[in-house]
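The sequence shown stops at residue 538 when you use the working numbering, and every number in between is there.
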Amino acid sequence: MSQPLRDPMTPAERRAGISLASIFALRMLGLFLILPVFAVHARTIPGGDNLTLVGLAIGAYGATQALLQIAFGAASDRFGRKPVILFGLVLFVLGSAIAAMAGDIYMVIVGRVLQGAGAISAAVTALAADLTRDQHRTKVMAMIGSSIGLVFAASMVAAPLLYSVIGMSGIFWLTAVLAFVAMGVVVWVVPAAPPVPRANAGSFMDILRDGQLMRLNFGVFALHLIQTTMWVMVPAALVAHGGLALAEHWKVYLPAVLLSFVVMVPAIIIAERHNRLKPVFNGAVLLLAIVQFGLYFWSDGLLSIAFWLTLFFVAFNVLEATQPSWISRIAPPAAKGTALGVYNTLQSIGLFAGGLFGGWLGQRLGAGGVSLACGVLALIWLAVSLSMTPPPVRAVPSPARG
């Protein structure tokens, strides 16, 4: 093992990782808070008795994310990461306000669409790549992915309690406040970004023609379609088959997420420190497929559902950390934001398609049909990922500045 792989993170890299993870966490907490309660709340508003519309409301922000991620990523290459991130957070605040004042399912969908217009994921991930060295990038992406997992667990605990106190409108207003806090983190905490080389006119087409990048783009589409599709059905399964009331679902989600970190952290260390990215990555994709078939064949009780959800979070967290790190290592330096914009576009399409597809398929074939379809998709992804070549780890001086 070469000495550069043992180099510790610099204080600026740690600050970048923690602050950028907090931006993701603050934004995603607002999005996740609606998941455990919205399907139940929707029945109290006009149009909310249509499961397809409920799924659309859950996944709607993914539609505008998909349309705007490339534009935001490319804009961050041209105008700088921080201004683009701040603009996207302003749009997110406006969408949250519209959803908070919505009187029916259709206006909630409008608000969610505008929330998605703040498509900052590519710019934030590109900034994380700018501020970290190759040998620590997976670690920083793991910080971001772990923060998302933690706020997901926190949202499962907090959402039912918040809903009982401040209602759905209050939760949407809270998401706006969290976005304002994230703006403060961008301005005062995140380290200054290094200058980005100016992209040439052919960079975008080069990215689309790159087979490695497009395999990763397909992967993130599949991962987030499966994630969102599952959460159209999982709350109902915990009630119907697990005998667990909505307010108690956190008792499954929280231990599942925390236990998944116990497995995920060693997996990331092996992938990064021992240069075993490809086997760890493919193992996580295989585990994702096993989870879906496990839910199809054996999910008739609370313990079985909790078991499969724990394994799902292991696979999800590993893949959330390794995929953007892989993208950032092989993308052209002058078009890193654009490459991550394409990547996050496919992620957002997966989120949108998962909400819509999960609601539509669940209404026709039930939870079993959803799990079976997701399992087949995961196997297709595994076949695609087996042909990928892992990127080399290059030890270079840190560009991060305190």
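The beta-carbon is built from N, C-alpha and C at its ideal position, and this holds for glycine as well. Everything numeric in this text was worked out from a predicted model, so none of it was measured.
For this session: With S484 as the anchor, note down where its alpha helix (DSSP H) starts and where it stops.
Result: K472 to S521
Exercise. For A383 and chain B, any beta-carbon pair shorter than 9 Å?
Worked result: Of the chains in the structure shown, none is chain B; there is only one protein chain.
Problem set entry | DSSP-derived helix/strand/coil call for N418 | helix
Problem set entry | As assigned by DSSP and simplified to three states, the class of A196 | coil
Problem set entry | 9 Å Cβ cutoff met for M292 and L487 | no
Problem set entry | Beta-carbon contacts of H360 that lie in its chain and below 7 Å, excluding the five residues immediately before and after | Q483, G486, L487 and G490
Problem set entry | Same chain only: Cβ atoms within 8 Å of D342, ignoring 5 sequence neighbours per side | P468 and A471
For this session: Would you kindly work out how many angstroms separate the C-alpha atoms of F357 and V368, rounded to a whole number?
Result: 17 Å
Exercise. How many whole angstroms separate the CB atoms of L501 and L192, which I take to be in contact at a CB cut-off of 8 Å?
Worked result: Wrong, their Cβ atoms sit about 18 Å apart, outside the cutoff.
Problem set entry | Meets three-Cβ-pair contact criterion under 8 Å: the stretch 449 to 467 and the stretch 402 to 411 | yes
Problem set entry | DSSP three-state assignment for H385, whether helix, strand or coil | coil
Problem set entry | Sequence-distant residues of the same chain with beta carbon closer than 7 Å to N418, five excluded per side | L518, S521 and L522
Exercise. Exposed or buried, which one is S138 when buried takes at least 16 other CB atoms within 10 Å?
Worked result: At S138, the pLDDT of 42 sits below 50, so the modelled position is not reliable; the number obtained from the coordinates is stated separately. Label assigned to S138: exposed.
For this session: For V563, count neighbouring C-beta atoms within 10 Å of its own C-beta (all shown protein chains included) and say buried if the count is 16 or more, exposed if not.
Result: Here the chain comprises residues numbered 137 to 538, so residue 563 is not present and cannot be evaluated.
Exercise. Anyone know if the C-beta pair for S396 and F452 falls short of 9 Å?
Worked result: yes
Exercise. Could you give the C-beta distance for K218 and A329, rounded to a whole number, given that I count them as a contact under 8 Å?
Worked result: 6 Å
Exercise. Run through DSSP, which three-state label would T188 get?
Worked result: helix
Exercise. By a C-beta neighbour count over all protein chains shown, 10 Å radius and 16 as the cutoff for buried, is V421 buried or exposed?
Worked result: buried
Problem set entry | DSSP-derived helix/strand/coil call for G320 | helix
Exercise. Distance, Cα to Cα, V301 vs G495?
Worked result: 28 Å
For this session: Return the first residue and the last residue of the alpha helix (DSSP H) that L352 is part of.
Result: G347 to A376
Exercise. Using DSSP with H/G/I as helix, E/B as strand and the rest coil, what is T146?
Worked result: coil
Problem set entry | Start and end residues, alpha helix (DSSP H) containing D266 | S257 to D266
Problem set entry | Buried or exposed (CB count within 10 angstroms, at least 16 for buried), V104 | Lying before the first or after the last residue shown, residue 104 is absent from the chain, which here runs from 137 to 538.
Problem set entry | Cutoff 6 Å; reference G338; Cβ partners in own chain excluding five residues on either side | Any reading at G338 needs caution, since the residue's pLDDT is 48, under 50, leaving its predicted position unreliable; the model's value is listed next. Within the same chain, G338 has no close Cβ partners at all.
For this session: With a 10 Å radius around its C-beta and 16 neighbouring C-beta atoms as the bar for buried, classify A261 as buried or exposed.
Result: The identity of residue 261 in the sequence shown is Thr, whereas the question assumes Ala. With 16 or more other Cβ atoms within 10 Å, it is buried.
Problem set entry | G213 classed as buried or exposed, judged by whether at least 16 other C-beta atoms fall within 10 angstroms | It should be noted that the sequence gives Asp, not Gly, for residue 213. With 16 or more other Cβ atoms within 10 Å, it is buried.
For this session: Would you kindly check if the distance between the Cβ of W309 and the Cβ of A392 is under 9 Å?
Result: no
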